[in-house]
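In the working numbering, the protein residues as written are 1104 to 1988.
The beta carbon of each residue, even a glycine, is placed where N, CA and C say it ideally should be.
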RNA sequence: GGGCGGAUAGCUCAGUGGCCAGAGCACCUGCCUUACACGCAGGGGGUCGCAGGUUCAAGUCCUGCUCCGCCCACCA
């Protein structure tokens, strides 16, 4: 016999013990079983830069829900956990820490810095694991991976070398985005374009032969020091004479040509543009066509080089001011305009990136993108919601080569070596011991590391053992579904699909379930720096993991951002308490239940019994349908509605009369069995969303042999669907509600019971109410219930209201305040007349009657008849009362 | 410049062309009715962004427009 349950759910006493129980029961380990269907999710590995935020709570709850659901359904369910070394992000975190001590990574040296970063990473890793466990997540911890671990490092190397051998990875000097603060090249995706209010400076370049020359407009005057031409559009009549001439580059006093190129927009500025091949991508393109020299005036630290003459050594921002001022002094600054434009900033540190020509490693994306497109074209990968397919496709169709080398210390080293003796380069799977060209032992490895996303792209198969042909890979791959937010579709999802197709020949997952970002109640981005972040662990402390999980699952909408507000969690906490208490009620009332179970399919069931079982099985069907479609909020809402509004509000209340004053022991036992059966189904069905409380309550209800976490997920049985019971129960509910509404009009307290008369116009209604007499009396707080045939005279001193198939009369202590009652009736009459008018309008339209489906027309007719009957009752009632005045 | 998403109750959101447009929260009224005041019962509250169109029937489909948000993009 379980101990008595306290009247309120206290999560602290419950959640902590069950996680250990699941570990002890080993529910998370996925043992390969050829007889069972595999189900596999690989976690989007959280970055080891810090702890989990609300986005993680959302993402991982979805994954845990799906995993638990499939596990209970009997799939061999593997959720593979792990974390990401997050190259540049983690390096920045550690560098920031060092900066607090006034140090830089160079003070430590590479080896020591990397060792320190490992420490930080390990610390965050263990915090993340702890947090996932507190959230109730059940991945297979025995398979936990890290993007820098040995196996994944081998996979990275294999992938790199293979692509190199295929000619899809190459090294070259190209213009890339350079972050002067992070001192590394970046990929295009790592640059964010922001709008900025800047200036457009008009600068005169005098003609070399003497003369006015040309005025150019620029947003970056400091780069003029590296100009090697001025370009105009070939058809621009204003400058036809100048093309082929030379002008003097002010400040540098260099002679540069005026060239014509159709990349120049004649509408912009003066139609003449300065060309700085070393510091602007468009200019570089022009320069290559015209064989112009490059002059590098900005270095990797963002400072001016010796090529910048007297501006050498200044920062690029100082140089801008100095250049402008010098031009002004020389009278060559023709004007300044306010100008709105975009600048690229580093997504990691917000520093304005500098386009620089730099030796880097690149992945040739076009041929790979083809494979990525094939994956969606052939339906191998399906996006949910479907519209993200277009976003994915358009990115791949316009893809640029991917700069994958980073001048960082934290990450996968690039497996490329140079022979210091003969300068021969080599890319290999195994560390070379000697130069293959000259045989010397003088090899130096590239100091660069890989973009962190290079290893992420391999994650779905590298974690399963690739490049080896492991059993895991064979059984679980392609994985079932990837769950992530839309903000990393390009960074990660697309690249996984590409690499999956390329290296394994198969899609890495069948479905990509895309959800939105968690925002604040005001719609702001949640961020630590803005102070708008909410710590999910704090919410777990206060309301419990189940409440947080349920609240988040209710908030999911397909691919849209969701606004978090604490009262959703409060609401979910209240729901936990409701569930706790209804279980408490059932447990208390099962104490004297017969030991042997009743087979409900053979038992004599009341209307309410058949109704709740029908509703319950419809719920199970709904959950299945919605979860299969990833409509998680709909599934959560259906559970909430069923548990609270159907099971608690109606069935349990109706059950009380059968429990407290049963007409037979059999009746009571049957109700006990229904309560237990439905509650059991509810707990199982809810478990994937609210794992802790359901485990606790299941153990309160029974002494089960296994965790609910591995119990069978309940399945809908259509045999229990009962339209008739649902309709008839609707009559009972409508009647009860009608009486309650009358009581509320008099503000009668529940303790004050009152006599009620129901005049029914069909035998079925009255028969039905007779059947549920006890329940009806208790739910409507009736002390004496009189049922009369239609046509019976209405009782005196009553409030009346129409109910389904009947009219209800509440006997009022004392006499009715006729004027109030008439007012109430007038309002109802007006409402009813509106309905009737609407129905008549429809039915009076011959086109409606002809064209609309028969059942729609029929339904409308029934509705009209019903409304007319109710109106008749109301008017009759009103006349009677008016006669009394 | 291109693309996507959103606009429904005070707030956050649901709403396969067809019951009288719903829920939660908030609000109002009455209740500690022996599971639950983290609760129960009742109630008020809507030109479904605007304008056209298709249809017997539009919150739902089509066109245009207005706001809000986001993504992509080499106009210096």
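* **Alpha-carbon spacing of residue 1644 relative to residue 1233, whole angstroms** => The straight-line gap from Cα to Cα measures roughly 14 angstroms.
* Quick one: using the 10 Å Cβ neighbour count with 16 as the cut-off for buried, is residue 1604 buried or exposed? => Note on residue 1604: 16 or more other CB atoms within 10 angstroms of its CB, so buried under the neighbour-count rule.
* State buried or exposed for residue 1449, treating a residue as buried only when at least 16 other CB atoms are found within 10 Å of its CB. => Within a 10 Å sphere around the beta-carbon of residue 1449 sit 16 or more other beta-carbons, which makes this residue buried.
* Residues that residue 1461 bridges to, as DSSP identifies them -> Residue 1461 is bridged to 1277.
* Asked: Of the residues 1617, 1302, 1290, 1715, which one's Cα is nearest the Cα of residue 1752?
  -> Ranking 1617, 1302, 1290, 1715 by Cα distance to residue 1752 puts 1715 first.
* Asked: Just how far apart, CA to CA, sit residue 1770 and residue 1697?
  -> Residue 1770 and residue 1697 have their C-alpha atoms some 12 angstroms from each other.
* Please name the residue or residues paired with residue 1308 in a DSSP beta bridge. => For residue 1308, the beta-bridge partners assigned by DSSP are 1317.
* Work out the CA separation of residue 1565 and residue 1104 for me, nearest whole Å. => Residue placement at residue 1104 cannot be trusted, given a pLDDT of 39 that sits under 50; what the coordinates show is reported in the next sentence. Rounded to whole angstroms, residue 1104 and residue 1565 show a C-alpha spacing of 50 angstroms.
* Start-to-end residues for the alpha helix (DSSP H) that takes in residue 1930 -> From DSSP, the alpha helix (DSSP H) with residue 1930 extends over 1921 to 1947.
* Short check: CB of residue 1646 to CB of residue 1658, under 9 angstroms? -> If you check the CB distance, residue 1646 and residue 1658 do not come in under 9 angstroms.
* To do: Report the three-state DSSP secondary structure of residue 1358 (helix, strand or coil).
  => DSSP, read as helix, strand or coil, puts residue 1358 in strand.
* Can you check the region 1481 to 1551 for any beta strand (DSSP E) of at least 3 residues that lies completely inside it and give the ranges in chain order? => With a minimum length of 3 residues, the continuous beta strand (DSSP E) runs that stay inside the region 1481 to 1551 are 1485 to 1487, 1519 to 1522, 1528 to 1530, 1546 to 1548.
* Asked: How would you call residue 1691, buried or exposed, if buried means at least 16 neighbouring beta carbons within 10 angstroms?
  -> Flag for residue 1691 reads exposed.
* Which of helix, strand or coil DSSP assigns to residue 1105 -> Any reading at residue 1105 needs caution, since the residue's pLDDT is 48, under 50, leaving its predicted position unreliable; the model's value is listed next. Of the three classes helix, strand and coil, the one that applies to residue 1105 here is coil, per DSSP.
* Would you identify the three-state DSSP class for residue 1647, choosing helix, strand or coil? => Three-state DSSP puts residue 1647 in coil, outside helix and strand.
* To do: List the whole-angstrom C-beta distance separating residue 1243 from residue 1181, where the pair is believed to meet the contact cut-off of C-beta under 8 angstroms.
  => Right, the Cβ-Cβ distance comes to about 6 angstroms (below 8 angstroms), so this counts as a contact.
* Who pairs with residue 1909 in a beta bridge, going by DSSP? -> DSSP output for residue 1909 lists 1863, 1906 as bridge partner(s).
* Separation of residue 1740 from residue 1652, as counted between CA atoms -> For the pair residue 1652 and residue 1740, the Cα-to-Cα distance works out to about 13 angstroms.
* Asked: Looking at the structure shown, is residue 1176 part of a helix, part of a strand, or coil, going by DSSP?
  -> Residue state, collapsed to three classes: coil.
* **Whole-angstrom distance between residue 1157 and residue 1578, CA atom to CA atom** => Spanning the two alpha carbons is a distance of roughly 33 angstroms.
* Asked: CA-CA distance, residue 1883 and residue 1655?
  -> Taking the Cα positions, residue 1883 is about 36 angstroms away from residue 1655.
* Asked: Name the DSSP bridge partner or partners of residue 1141?
  -> For residue 1141, which the question treats as bridged, DSSP gives the partners 1179.
* Does DSSP put residue 1185 in a helix, a strand or coil? -> Under the three-state reduction of DSSP output, residue 1185 falls in the strand class.
* Asked: Can you round the beta-carbon distance between residue 1819 and residue 1724 to whole angstroms, since I take them to be within the 8 angstroms contact cut?
  -> Confirmed, Cβ separation roughly 4 angstroms.
* Going by Cα to Cα distance, which pick from 1505, 1635, 1118 is closest to residue 1593? -> It is 1505.
* Asked: Can the beta-carbon of residue 1329 be found closer than 9 angstroms to that of residue 1276?
  -> No, the Cβ-Cβ distance between residue 1329 and residue 1276 is not below 9 angstroms.
* To do: May I have the straight-line CA-CA distance separating residue 1485 from residue 1600, to the nearest angstrom?
  => When the Cα atoms are used, residue 1485 and residue 1600 turn out to be separated by approximately 11 angstroms.
* **Test item: CB-CB of residue 1589 and residue 1611 under 9 angstroms** => Cβ distance not < 9 angstroms, so residue 1589 and residue 1611 don't count as in contact.
* To do: Pull up the CB-CB distance for residue 1317 and residue 1271, whole angstroms please, since I reckon it's below 8 angstroms.
  => Contact doesn't hold; Cβ gap of about 44 angstroms is too wide.
* **Cβ neighbour criterion (16 or more within 10 Å) applied to residue 1378** => The residue in question, residue 1378, is buried, as its Cβ has 16 or more Cβ neighbours within 10 Å.
* Given a cut-off of 9 angstroms, decide if residue 1307 and residue 1436 are closer than it, judged by their beta-carbon atoms. => Taking 9 angstroms as the cut-off, the beta carbon of residue 1436 is found closer than this to the beta carbon of residue 1307.
* Tell whether a beta-carbon distance below 9 angstroms holds between residue 1288 and residue 1279. => In this structure, residue 1288 sits near residue 1279, with a CB-CB distance shorter than 9 angstroms.
* Let me know if residue 1760 comes out buried or exposed under the rule of 16 or more other beta-carbons within 10 Å of its beta-carbon. => Burial call: buried.
* So what does DSSP say about residue 1454, is it helix, strand or coil? -> Residue 1454 falls in the coil class under three-state DSSP.
* Asked: Could you give the C-beta distance for residue 1915 and residue 1974, rounded to a whole number, given that I count them as a contact under 8 angstroms?
  -> Wrong, their Cβ atoms sit about 23 angstroms apart, outside the cutoff.
* Taking all protein chains shown into account, do 16 or more other C-beta atoms lie within 10 angstroms of the C-beta of residue 1660, making it buried, or fewer, making it exposed? -> Answer is exposed; the Cβ neighbour count stays below 16.
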